[in-house]
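Reading through the structure tokens given below for one structure.
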Amino acid sequence: MHRSDIGDVDDGPLGVEEFPSELLRFFTQEEGRVLLVRGDPGAGKTLFAVQALNVLRRYGGDVLYVTTRVDTDTVYRNYLRGTTDLARSNVLDVSQDPFDADIAPADDIGADRFDPAGFLEWLRAVGDVSNPLTVAFDSWELVERHLLSQASQEDAVEPGELVTRTATLARRHDVRIILITEEAEQTSLDYVVDGVVELHAGHSTGGRPERELLLEKLRGVRIANRTRPFTLSGETFQVFTPVDLPVPGSDVSGSGRQPIDNSKRKFSTGISGLDTMLGGGYSRGSVVHFELGPDLSRDAWSLPCLATARNFLAHGLGVAVVPLPESSPGLTRRHLDPVLPDTAFEARCDVFETYDHASVSGSDPVEEHDPDCDGAAGFDYDDYLGRLAALREESDGPLLHVISMDAADGALSDAVSDHARYVALHNDLSVFVTKPGDGERTRVDRIADVHLRLERRGETAFLYGKNPVTPFLGFDTTATEGTLDIALQEMV
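Sequential numbering of the sequence shown, starting at 0, is according to numbering that gives the first Met the number 0.
Put into structure tokens, the structure is as follows:
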């Protein structure tokens with residue numbers, strides 16, 4: 000065996016990855032690896048294998064999808080065409096005549112059918128000219144059963160022996176092997192392979208589809224997080240990764256991004272995918288309840304909320320933000336100010352000082368002193384309305400309010416309904432952000448037109464609608480030429 004020239008594979012962009020970085024390292028750092036893929040029917044094992052072949056093909060060599068239960072044309076039409084770079088010649092039905100297969104060299108078999116010995120010799124010959132070869136067996140049990148049934152009485156192979164011989168051949172000739180098993184529980188296959196992954200599919204208590212990839216073992220690869228949520232959206236296997244806002248002051252901001260148009264009845268959320276889910280965005284004059292689940296990162300709320308704020312500012316509309324107590328007003332401001340020139344930003348955006356300095360941990364960045372934020376932290380609703388009057392004079396239309404109920408600290412408890420009427424009267428948009436254990440959640444729910452929740456699943460935050468009901472939505476961020484673009488990917 001030898002190490003690949005690929006070297007270490009980077010973790011890639013945050014958001015949605017086409018294949019887990021840990022599995023790329025597993026296959027590319029050393030050839031001749033054997034991976035077992037387990038999961039219930041419908042969990043996504045076939046699409047996982049197809050995506051693995053599609054990705055690994057770009058790292059050199061040839062790939063082969065081996066099956067018996069579905070003919071070659073059907074596999075190509077249903078799983079490869081339109082979603083991968085693979086061709087019909089990358090599919091082998093071992094039940095067909097070897098000389099009818101598109102993959103050479105058939106002469107090495109010397110027979111009109113695949114039997115265990117002939118298939119292994121053929122696999123070795125193909126592997127020697129592919130450098131390297133990656134083969135996915137879907138499923139191993141059916142392929143094994145067919146090959147054993149073709150063996151002559153003199154060359155009979157015991158069940159279980161064929162997989163051992165296949166794994167040995169893979170390691171000697173640098174062939175990557177993916178074995179898809181129909182068995183959901185641990186079997187003797189687990190002890191033959193170098194890695195084991197398991198795919199799970201189910202539904203949440205709200206009936207939303209949820210999928211999870213478990214990395215049980217990957218020999219030679221450090222696994223920081225064993226569970227990875229994934230999606231089969233677009234008939235393609237993809238995994239979700241954690242997403243954070245870019246560091247303020249970096250080259251990535253919202254400055255170069257074209258704003259999304261508002262309509263006569265709706266404000267854009269700033270995220271086109273969320274607009275689609277909500278029938279065009281947030282209604283003018285409406286209240287949104289943005290509920291945070293437990294164990295989220297400190298600034299997780301800001302990814303969707305500040306996308307809306309940036310879109311408002313880009314249209315010349317005023318924005319008022321009351322951040323969470325643990326979120327820095329200065330950093331919040333710095334995430335928004337690239338959208339407009341300094342003078343216009345100061346006139347149209349007001350970020351309130353409610354920072355709880357006692358909540359800052361030693362690992363958190365120390366915020367630079369901001370003279371505009373001097374004075375005691377806290378929230379006064381009458382003061383808030385007074386500052387809105389000045390903001391409204393500079394705005395080219397309605398305002399956006401983003402208010403942390405935790406930061407308001409009870410100041411809005413008896414004024415939530417009045418605030419909703421104020422928002423409707425001025426055709427504004429208000430987003431109330433609530434945290435776990437916040438006693439204001441029920442009160443906000445009564446007046447909210449839209450109810451969204453941000454929830455952590457594994458290491459990844461997902462957004463979903465409780466009213467209206469939506470699937471789990473993972474964030475996918477891309478940054479090009481200084482522009483941050485946020486998209487959403489359904490978990491299906």
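Don't be surprised by glycine CBs; every beta carbon is placed ideally from N, CA and C.
In this text, all values refer to a predicted model and were calculated from it rather than measured experimentally.
Check your understanding: By DSSP, does Glu17 sit in helix, in strand, or in coil?
Key -> Indexing the sequence shown from 1 puts residue 17 at position 18. Three-state result, Glu17: coil.
Practice item. Consult DSSP for Gly179 and reduce its assignment to one of helix, strand or coil. Key: The residue given as residue 179 occupies position 180 in the sequence shown. Residue 179 is actually Ile in this sequence, not Gly. The answer is strand: DSSP assigns Ile179 an E or B state.
Exercise for review: Would you kindly work out how many angstroms separate the C-alpha atoms of Phe351 and Arg445, rounded to a whole number?
Suggested key: Walking along the sequence shown from the start, residue 351 turns up at place 352. Walking along the sequence shown from the start, residue 445 turns up at place 446. So the two alpha carbons sit approximately 26 Å from each other.
Practice item. Determine the extent of the alpha helix (DSSP H) in which His314 is found, giving its start and end residues. Key: Translated into positions along the sequence shown, residue 314 becomes position 315. Here His314 belongs to no alpha helix (DSSP H), and DSSP marks it neither H nor E.
Point to revise | Own chain residues within Cβ distance below 7 Å of Val74, not counting five before or after | key: Mapped onto the sequence shown, residue 74 falls at position 75. Taken in chain order, the residues that qualify are Tyr64, Thr66 and Val90.
Review point. Using the rule of at least 16 other Cβ atoms within 10 Å of the residue's Cβ for burial, across every protein chain shown, is Tyr190 buried or exposed?
Key: What you label residue 190 is simply residue 191 of the sequence shown in a count that begins at 1. Flag for Tyr190 reads exposed.
Exercise for review: Just the C-alpha distance for Val192 and Ala166, rounded to the nearest angstrom, thanks.
Suggested key: The residue labelled residue 192 in the question sits at position 193 within the sequence shown. The residue labelled residue 166 in the question sits at position 167 within the sequence shown. Going from the Cα of Val192 to the Cα of Ala166 covers about 7 Å.
Review point. What does His334 pair with, by DSSP beta-bridge criteria?
Key: For the purposes of this step, residue 334 is taken as the residue at position 335 of the sequence shown. DSSP lists no partner for His334.
Practice item. Compute the Euclidean distance between the alpha carbons of Arg207 and Lys465, then round it to the nearest angstrom. Key: For the purposes of this step, residue 207 is taken as the residue at position 208 of the sequence shown. For the purposes of this step, residue 465 is taken as the residue at position 466 of the sequence shown. Arg207 and Lys465: Cα-Cα distance of roughly 11 Å.
Review point. Can you tell me whether Thr45 is buried or exposed, with buried defined as 16 or more other CB within 10 angstroms of its CB?
Key: In the sequence shown, counting from the first residue as 1, residue 45 sits at position 46. Classification of Thr45: buried, given that the 10 Å Cβ count is 16 or more.
Exercise for review: Classify Val49 as helix, strand or coil using the three-state DSSP reduction.
Suggested key: Here residue 49 is taken as the residue at index 50 of the sequence shown, counted from 1. Helix.
Practice item. Please confirm whether Pro435 and Leu302 have their CB atoms less than 8 Å apart. Key: Here the question's residue 435 lines up with position 436 in the sequence shown. Here the question's residue 302 lines up with position 303 in the sequence shown. Taking 8 Å as the Cβ cut-off, Pro435 and Leu302 do not qualify as a contacting pair.
Practice item. Tell me, please, whether the region 411-419 touches the region 436-443 by the rule of three or more beta-carbon pairs shorter than 8 Å. Key: yes
Review point. DSSP three-state call for Ser416: helix, strand or coil?
Key: As a working note, residue 416 is residue 417 in the sequence shown. If DSSP states are grouped into helix, strand and coil, Ser416 belongs with the helices.
**Study point:** Beta-carbon gap between Arg264 and Arg283 smaller than 8 Å
**Key:** The residue labelled residue 264 in the question sits at position 265 within the sequence shown. The residue labelled residue 283 in the question sits at position 284 within the sequence shown. Cβ distance < 8 Å, so Arg264 and Arg283 count as in contact.
Review point. Starting from Leu35 and walking both ways along the beta strand (DSSP E), at which residues does that stretch end?
Key: Translated into positions along the sequence shown, residue 35 becomes position 36. Where Leu35 is concerned, the enclosing beta strand (DSSP E) stretches over Val33 to Gly38.
Point to revise | Local conformation of Val422 per DSSP, three classes | key: Position 423 of the sequence shown, counted from the start, is the residue given in the question as residue 422. Of the three classes helix, strand and coil, the one that applies to Val422 here is helix, per DSSP.
**Study point:** Contact check, Val36 vs Ile176, beta carbons under 8 Å
**Key:** Here the question's residue 36 lines up with position 37 in the sequence shown. Here the question's residue 176 lines up with position 177 in the sequence shown. In this structure, Ile176 does not lie closer than 8 Å to Val36 by Cβ.
Check your understanding: Looking at the unbroken alpha helix (DSSP H) that takes in Gly272, where does it start and where does it end?
Key -> As a working note, residue 272 is residue 273 in the sequence shown. Ser271 to Met276 is the span of the alpha helix (DSSP H), which, as asked, contains Gly272.
**Study point:** Continuous alpha helix (DSSP H) stretch holding Thr71: start and end
**Key:** Here residue 71 corresponds to residue number 72 of the sequence shown, with the count starting at 1. Its alpha helix (DSSP H) spans residues Thr71 to Val74.
Review point. Given Asn426, which residues of its chain have a CB within under 7 Å of its CB, disregarding the five upstream and five downstream residues?
Key: In the sequence shown, residue 426 corresponds to position 427, counting from 1. Excluding sequence neighbours, Asn426 sits near Arg283, Gly284 and Pro397.
Point to revise | Beta-carbon proximity list for Pro293, same chain, < 8 Å, skipping 5 on both sides | key: Translated into the one-based positions of the sequence shown, residue 293 becomes position 294. For Pro293, where only same-chain residues beyond five positions count, the Cβ hits under 8 Å are Pro435 and Arg455.
Check your understanding: Under 8 Å, do Thr71 and Asp92 count as touching if we go by C-beta distance?
Key -> Numbered from its first residue, the sequence shown carries residue 71 at position 72. Numbered from its first residue, the sequence shown carries residue 92 at position 93. Closer than 8 Å, so yes.
Check your understanding: Going by other Cβ atoms of all chains shown within 10 Å of its Cβ, with 16 needed for buried, is Val238 buried or exposed?
Key -> Locating residue 238 in the sequence shown gives position 239, counting from the first residue. It counts as buried.
Check your understanding: Who are the near neighbours of Asn130 in its chain, counting only those whose CB is closer than 8 Å to its CB and skipping five residues on each side?
Key -> Sequence index remark: in the sequence shown, residue 130 carries index 131 (1-based). So the qualifying residues of the chain are Gly59, Gly60 and Asp173.
Check your understanding: For Phe289 versus Leu399, is the C-beta distance shorter than 8 Å?
Key -> The residue you call residue 289 lines up with position 290 of the sequence shown. The residue you call residue 399 lines up with position 400 of the sequence shown. No, Cβ-Cβ distance for Phe289 and Leu399 is not below 8 Å.
Exercise for review: Report the rounded CA-to-CA distance for Asp484 versus Thr477, giving the unit in angstroms.
Suggested key: In the sequence shown, residue 484 corresponds to position 485, counting from 1. In the sequence shown, residue 477 corresponds to position 478, counting from 1. Answer to the nearest angstrom: the Cα atoms are 5 Å apart.
Review point. If we call anything under 8 Å between Cβ atoms a contact, is Gly278 one with Ser267?
Key: In the sequence shown, residue 278 corresponds to position 279, counting from 1. In the sequence shown, residue 267 corresponds to position 268, counting from 1. No, the Cβ-Cβ distance between Gly278 and Ser267 is not below 8 Å.
Exercise for review: For Tyr380, collect the residues of the same chain with a Cβ closer than 7 Å to its Cβ; drop the 5 residues on either side in sequence, then sort them by chain order.
Suggested key: Sequence index remark: in the sequence shown, residue 380 carries index 381 (1-based). Correct list, in chain order: Ala410, Leu411 and Ala414.
**Study point:** Paired residues, beta bridge with Arg227 - DSSP
**Key:** Locating residue 227 in the sequence shown gives position 228, where the first residue counts as 1. Arg227 is bridged to Leu212.
Point to revise | Neighbourhood of Leu168 by C-beta, 7 Å cutoff - its chain only, sequence neighbours within 5 removed | key: Locating residue 168 in the sequence shown gives position 169, counting from the first residue. Excluding residues within five positions, the ones whose Cβ falls inside 7 Å are Leu119, Leu122, Arg123 and Val174.
Review point. How is the alpha helix (DSSP H) around Asp448 delimited, first residue to last?
Key: If you number the sequence shown from 1, residue 448 lands on position 449. Looking at the DSSP string, Asp448 is not in any alpha helix (DSSP H), and its letter there is neither H nor E.
Point to revise | Glu489, DSSP secondary structure in three states | key: Position 490 of the sequence shown, counted from the start, is the residue given in the question as residue 489. Of the three classes helix, strand and coil, the one that applies to Glu489 here is strand, per DSSP.
Review point. Could you give the distance in angstroms between the alpha-carbon of Leu34 and the alpha-carbon of Arg57?
Key: Translated into the one-based positions of the sequence shown, residue 34 becomes position 35. Translated into the one-based positions of the sequence shown, residue 57 becomes position 58. When rounded, the distance between both Cα atoms is 19 Å.
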